[in-house]
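Colleague:
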Amino acid sequence: MELTKAAQAARLAKKAFFAQKATEQGRHIFIYNNIRTNQTVCSLERSLNNHDALSQLAYAGKKTIPAALRKDVWRPMAIVTFPSPAQGRSVYQKLREFRKLHELHWDNNQEYPMLPPETQKRIKEGKAAPTKKERAKIIMDQKANTIADLAALLKTHDEGGSVEKLRAEVQALEAAQKSRLAEIEQEMAAKKLEMDDPKLNGSTRKPFLVVYKSLKREKELLLKGEEREALLKRLNEKESHLESLKREREKLLSAEAVPKALAKDVELANKAENGGLSRLAEEITEANKFLATELLTPRLRRRWESRVEEAQREQKEMWRAIESVGEEMARRMAKSGSKAPPPKPRWGLNGVSIRWADVLDADYAGEWPAQVVHDRLGLVKHSAPDPKRAAPGLSITNAELERRLKEEEEAMEAEMEAAEGEAAEGEAAEGKAAEEGKPAEEGKKVVV
């Protein structure tokens, strides 16, 4: 039976939709938790799949794994958004592995908020081991562990950082050390003058001597520069990593019969590694700050939305190019018989955001990387909201908003004036050409 054109179009549209969905899988991680037992489940889909979610839960005794998920006790806890689907899939895999380790390896010397205080005290002092039910509650309570694991994973993704960021840190540290050295030398000179006072004796001179020695030790530590050496080491590692990536990519380009698409991907990957991704992430963050306000005119809002869409499109192209080049490098190295793994790109944290159902849950982690953006998830019931529609509401001061709006209005006025000037010049040129032809005709009439 032949399909009609409408049915064929619907089938093609459905295939295109699922193909696009497959390429985007991993960009968002949805974390759900049980409000009664604090069990956590990670998902790459907005809605929980019953079979997949139950397979993540560890058996800790009778009635610890339900027959099916109940919507009234499983709620969205957080949505983690990444600029690259590959980065999100990597974090998703590690989160599940870490939770399995927490469930299999645990001790009795911790504080467990799910248990009564007297039971916690008894277990912590080692007077008795937890019962079967208490052990089940301890193993199921994974909310704090999941949040702490997420923060630790994001820190590992920020280990390398960008070359520009590390260079700025080195320069700032050198400037701060130079300023502090000048201050120490001035303080030491002042203390030395005070100690040289002939009116002082041994007991009265001792406090000045203690301060002088402490300043001298601080000066020696600054001159030693251990912190600066550590930063320089990280910077050198990052630069050597980028150089190895460039060399491998140049080998791809130097090979015979290199497709044009691959050459374009190599160029995009190099651009991304040289700060292109950081620049795009800053542009998206800046635009989202404006879109989160209600003082924008419809025209300015459309303009900022188009900027966000364009930057996100460029960002996706760069990540696709990085992954494509990496896969091609791995394929060629495997074909040549090389056992050394190809250098993998280091992921940064520009564009990583976390939206919390309860922002206070972020306190379970001791520290978060500075680049990660935290925001509220809003009111949720059973399923997480669409992350594409729920834009992060980043705060911005009114003074800063007014200043930037004024700059945007002035830029738009300048563009309109330039366009009007060009139109006026065009009309003047047309009028001049018409006038040059008109007198000649009038002269002919007069002669006749």
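Counting in UniProt numbering, the sequence shown tops out at residue 448, every number present.
Backbone N, C-alpha and C define an ideal beta-carbon position, used for all residues, glycine too.
1. Which residues bound the beta strand (DSSP E) around residue 91?
2. Determine whether the beta carbon atoms of residue 376 and residue 352 lie at a separation below 7 Å.
3. What is the DSSP secondary structure of residue 172, reduced to helix, strand or coil?
4. For residue 380, name the three-state secondary structure that DSSP assigns.
5. Let's test the definition: count the other Cβ atoms within 10 Å of the Cβ of residue 449 and tell me whether it reaches 16, buried, or not, exposed.
6. Examine the Cβ distances between the stretch 133 to 148 and the stretch 188 to 202 and report whether three or more of them are shorter than 8 Å.
7. Since I believe residue 29 is in contact with residue 92 (beta carbons under 8 Å), could you give me their beta-carbon distance rounded to a whole number of angstroms?
8. For the alpha helix (DSSP H) holding residue 29, just list the boundary residues, first then last.
9. Measuring alpha carbon to alpha carbon, tell me which residue in 174, 124, 297 is nearest residue 224.
10. Grab me the residues of residue 311's own chain with a C-beta within less than 8 Å of its C-beta, minus the 5 sequence neighbours each way, in chain order.
11. Can we say the stretch 265 to 280 touches the stretch 304 to 320, given the rule of at least three CB pairs closer than 8 Å?
12. How far does the beta strand (DSSP E) with residue 355 in it reach, from first residue to last?
13. Report yes if the C-beta distance between residue 276 and residue 329 is below 7 Å; otherwise report no.
14. Leaving out five residues before and five after residue 37 in sequence, what residues of the same chain have Cβ atoms less than 6 Å from its Cβ?
15. Straight-line CA distance for residue 129 to residue 42?
16. Within the same chain, show all residues whose beta-carbon is closer than 8 Å to that of residue 4, passing over the 5 residues directly before and after it, in chain order.
17. When you compare the CB positions of residue 94 and residue 153, do they come within less than 7 Å of one another, or not?
18. Which residue wins for smallest C-alpha separation from residue 80, given the options 418, 44, 435, 421?
19. Between the alpha carbons of residue 221 and residue 131, how many angstroms are there, rounded?
20. Based on the DSSP secondary-structure assignment, which residues constitute the bridge partners of residue 79?
21. Would the C-beta of residue 427 count as close to the ligand GTP, meaning under 6 Å from any of its heavy atoms?
22. Nearest to residue 215 by alpha carbon, out of 380, 183, 367?
23. With distances taken from CA atoms, which of 50, 219, 388 is nearest residue 305?
24. Hey, how far is the Cα of residue 106 from the Cα of residue 123?
25. Apply the 10 Å Cβ neighbour rule to residue 72 and answer buried if 16 or more other Cβ atoms are within range, or exposed otherwise.
26. Residue 188: which of 112, 210, 170, 52 sits nearest, CA to CA?
27. Pull up the DSSP beta-bridge partners for residue 74, would you.
28. Can you tell which of 382, 230, 112 has the C-alpha that lies nearest to the C-alpha of residue 49?
29. Between residue 180 and residue 231, what straight-line distance do the alpha-carbon atoms span, to the nearest angstrom?
30. What residues in its chain sit with their C-beta under 7 Å from that of residue 74, if we drop five residues either side in the sequence?
31. According to the Cβ coordinates, are residue 103 and residue 58 closer than 7 Å?
32. Mind checking whether residue 27 and residue 82 have CB atoms under 7 Å apart?
33. Could you give the residue range of the beta strand (DSSP E) that holds residue 41?
34. Note down, in chain order, each residue of its chain lying with its Cβ closer than 7 Å to the Cβ of residue 218, except the 5 sequence neighbours on either side.
35. Find the nearest neighbour of residue 324 within the set 270, 365, 243, judged by alpha-carbon distance.
Modeller: Based on what the coordinates show:
1. Translated into the one-based positions of the sequence shown, residue 91 becomes position 91. Membership of residue 91 in any beta strand (DSSP E) is not indicated; the residue belongs instead to the alpha helix (DSSP H) covering 85 to 104.
2. For the purposes of this step, residue 376 is identified with residue 376 of the sequence shown, where counting begins at 1. For the purposes of this step, residue 352 is identified with residue 352 of the sequence shown, where counting begins at 1. Against a cut-off of 7 Å, the Cβ pair of residue 352 and residue 376 comes out as no contact.
3. Along the sequence shown, one-based indexing puts residue 172 at 172. In this structure, residue 172 counts as helix in the three-state DSSP scheme.
4. Walking along the sequence shown from the start, residue 380 turns up at place 380. Correct three-state label for residue 380: coil.
5. Given that the chain is displayed from residue 1 to residue 448, the structure contains no residue 449 and the question cannot be resolved.
6. The answer is no - the stretch 188 to 202 does not touch the stretch 133 to 148, with fewer than three Cβ pairs under 8 Å.
7. In the sequence shown, counting from the first residue as 1, residue 92 sits at position 92. In the sequence shown, counting from the first residue as 1, residue 29 sits at position 29. The pair is a contact, with the Cβ atoms about 5 Å apart (cut-off 8 Å).
8. By 1-based counting over the sequence shown, the position of residue 29 is 29. Counting along the chain, residue 29 sits inside no alpha helix (DSSP H); it lies in the beta strand (DSSP E) bounded by residues 28 to 34.
9. For the purposes of this step, residue 224 is identified with residue 224 of the sequence shown, where counting begins at 1. For the options 174, 124, 297, the alpha carbon positioned closest to that of residue 224 is the one of 174.
10. Position 311 of the sequence shown, counted from the first residue, corresponds to residue 311. Only 280, 283, 284, 287 meet the Cβ criterion.
11. With a cut-off of 8 Å, the stretch 304 to 320 and the stretch 265 to 280 count as touching, because enough Cβ pairs lie within range.
12. As a position in the sequence shown, residue 355 is number 355, starting the count at 1. Where residue 355 is concerned, the enclosing beta strand (DSSP E) stretches over 353 to 356.
13. Your numbering for residue 276 matches position 276 in the sequence shown. Your numbering for residue 329 matches position 329 in the sequence shown. One thing to note: residue 276 has its Cβ no nearer than 7 Å to the Cβ of residue 329.
14. Locating residue 37 in the sequence shown gives position 37, where the first residue counts as 1. If we look at residue 37 and ignore the five residues flanking it on each side, its Cβ neighbours are 140.
15. As a first step, residue 129 is located in the sequence shown; it is residue number 129 there, counting from the start. As a first step, residue 42 is located in the sequence shown; it is residue number 42 there, counting from the start. Those two C-alpha atoms are separated by around 31 Å.
16. Locating residue 4 in the sequence shown gives position 4, counting from the first residue. Hits under 8 Å: none found.
17. Looking up residue 94 in the sequence shown gives position 94. Looking up residue 153 in the sequence shown gives position 153. Yes.
18. Counting from 1 along the sequence shown, the entry for residue 80 is found at position 80. When only C-alpha atoms are compared, the closest one is 44.
19. As a working note, residue 221 is residue 221 in the sequence shown. As a working note, residue 131 is residue 131 in the sequence shown. Here the alpha carbon of residue 221 sits roughly 53 Å from the alpha carbon of residue 131.
20. One-based indexing of the sequence shown puts residue 79 at position 79. Residue 79 pairs with 30, 355.
21. This structure lacks the ligand GTP, and indeed carries no ligand of any kind.
22. Residue 215 sits at position 215 when you count from the first residue of the sequence shown. Comparing Cα positions, the closest option is 183.
23. Walking along the sequence shown from the start, residue 305 turns up at place 305. Per the Cα distances, 388.
24. Locating residue 106 in the sequence shown gives position 106, counting from the first residue. Locating residue 123 in the sequence shown gives position 123, counting from the first residue. So the two alpha carbons sit approximately 13 Å from each other.
25. Translated into the one-based positions of the sequence shown, residue 72 becomes position 72. The residue in question, residue 72, is exposed, as its Cβ has fewer than 16 Cβ neighbours within 10 Å.
26. Within the sequence shown, numbered from 1, the residue matching residue 188 stands at position 188. Closest in C-alpha terms to residue 188, from the list 112, 210, 170, 52, comes 210.
27. Locating residue 74 in the sequence shown gives position 74, where the first residue counts as 1. 34.
28. Walking along the sequence shown from the start, residue 49 turns up at place 49. When the alpha-carbon of residue 49 is set against those of 382, 230, 112, the nearest one is in 382.
29. Taking the sequence shown and counting its residues from 1, one reaches residue 180 at position 180. Taking the sequence shown and counting its residues from 1, one reaches residue 231 at position 231. The alpha-carbon atoms of residue 180 and residue 231 are separated by roughly 18 Å.
30. Translated into positions along the sequence shown, residue 74 becomes position 74. Excluding sequence neighbours, residue 74 sits near 32, 34, 48.
31. Here residue 103 refers to the residue found at position 103 of the sequence shown. Here residue 58 refers to the residue found at position 58 of the sequence shown. Yes, these two residues count as a Cβ contact at 7 Å.
32. Here residue 27 refers to the residue found at position 27 when the sequence shown is read from its first residue. Here residue 82 refers to the residue found at position 82 when the sequence shown is read from its first residue. A contact, by the Cβ cut-off of 7 Å.
33. Here residue 41 corresponds to residue number 41 of the sequence shown, with the count starting at 1. Looking at the DSSP string, the run of the beta strand (DSSP E) that includes residue 41 is 40 to 43.
34. On the sequence shown, residue 218 is found 218 positions in, with the first residue counted as 1. If we look at residue 218 and ignore the five residues flanking it on each side, its Cβ neighbours are 184.
35. Residue mapping note: residue 324 aligns to position 324 of the sequence shown, counting from 1. Residue 270 is the option with its Cα nearest to residue 324.
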